[in-house]
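Protein chains in written order, with the working numbering: chain A, 1 to 148; chain B, 1001 to 1148.
Don't be surprised by glycine CBs; every beta carbon is placed ideally from N, CA and C.
Note that the structure is a prediction, hence the values are computed from the model and not measured.
There are 2 protein chains.
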Amino acid sequence: MLRVSKLTDYATVVMTCLAMTGAEVTSAQQLADAARLELPTVSKLLKQLAHAGLVTSRRGVNGGYCLARPAEAISVADIVTAMEGPIGMTECSAHAGACGHEPHCGVRVNWQRISQAIRSALQGVSLADMVATPPRRPAGIPLRVASH
Amino acid sequence: MLRVSKLTDYATVVMTCLAMTGAEVTSAQQLADAARLELPTVSKLLKQLAHAGLVTSRRGVNGGYCLARPAEAISVADIVTAMEGPIGMTECSAHAGACGHEPHCGVRVNWQRISQAIRSALQGVSLADMVATPPRRPAGIPLRVASH
DNA sequence: TCCATTCAGGACCGAAATTGTACTATTTAG
DNA sequence: CTAAATAGTACAATTTCGGTCCTGAATGGA
């Protein structure tokens, strides 16, 4: 179905919550409540996000997480990459030499191009856009693909 | 890693082979040889493609498959949809009501927008583009996302 | 008519990834 | 020193994916 994993989906929700609370640190428990998810799940994905440098953590009492950068500077592509690794539609789009068919594979170049297009689409949406979440928004998020 | 399944990947290769052989019917065995894949695998995905109406089949001696439409009229999106179902990055992008978080989920609308962008990117590449497979192509396949 | 060829439609199994949870260690504020 | 909270790791259950095989139906030729 060509979809991101649930954990990635949850990550966007949690990051959105984090972006909305302002700059103060927020504990995993509070985020779990806000996102209506289980604490262990939220905890798990926050660790991954911290490891990728998208959030910073503070341990100890009154610890928690906050965005490492302004919401405008974090894209959906960043979140997806943090949770799932490099974005590539096929194995050979991300890691060359893993396929064995490459020498006589005419579609490889095109998949790389497609992957790049999708990467661009994901980079074009920032966390700030996600927070805005307009019922209807006139200008729209810049997500149109160039017509041809 | 946000990728299509191997079977989908194989499907694009087989479809490309089919587009290159011209209009005569080609047996699954010939396609398997051309794509360097196992016959059962090729057979399986061709059935799916036939079911989706992308290829037509002829049974019996000298039977085989051929494209149901000109290569220009078949997009990568068609192939992905045939193999994996509707393109949606999250569960709620494809089927509403399956999530339970929808009432208080601010990111849903944005995921739908992102999914649409990816759908467009995949629709922008036809099988004819895949066949062209240029070592380097000046104009390039129309895959740029509108800058903003 | 009979037979070889080739697709149609399932059924099946093993491998791998995903999900969700749990447990222990480490850090920090008071 | 203690309670709060993250870091890191491990694990079982579930689901999906990849690949194979088998039986049935259609087609063309001997």
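Per DSSP, the unbroken beta strand (DSSP E) holding A:Thr56 starts and ends at Val55 to Arg58.
Taking a C-beta distance under 7 Å as the contact criterion, B:Ser1027 and B:Gly1064 qualify as a contact pair. DSSP places A:Leu46 in the uninterrupted alpha helix (DSSP H) bounded by Leu39 to His51. When C-beta distances to chain B are compared with 8 Å, the residues of the stretch 102–121 of chain A below that value are His104, Cys105, Gly106, Val107, Val109, Asn110, Trp111, Arg113, Ile114, Gln116, Ala117, Ile118, Ser120 and Ala121, in chain order. With fewer than 16 other Cβ atoms from the protein chains shown falling within 10 Å of its own Cβ, B:Gly1022 counts as exposed. For A:Ser115, no pairing in a beta bridge is given by DSSP. Per DSSP, the beta bridge partners of B:Leu1067 are B:Val1055. Identification of chain B residues near A:Thr90 by a Cβ-Cβ cut-off of 8 Å yields Arg1003, Val1004 and Asp1009, ordered along the chain. Counting along the chain, the unbroken alpha helix (DSSP H) around A:Leu127 starts and ends at Leu127 to Ala132. Runs of the alpha helix (DSSP H) spanning 4 or more residues and lying entirely within the stretch 5–34 of chain A occur at 6–20, in chain order.
Contact between A:Ala35 and A:Val4 is ruled out by a C-beta separation of about 16 Å, above the 8 Å threshold. If you draw a straight line from the Cα of A:Asp78 to the Cα of B:Cys1066, it is about 41 Å long.
Looking at the DSSP output, B:Ser1093 shares a beta bridge with no other residue. Note on B:Gly1060: under 16 other CB atoms within 10 angstroms of its CB, so exposed under the neighbour-count rule.
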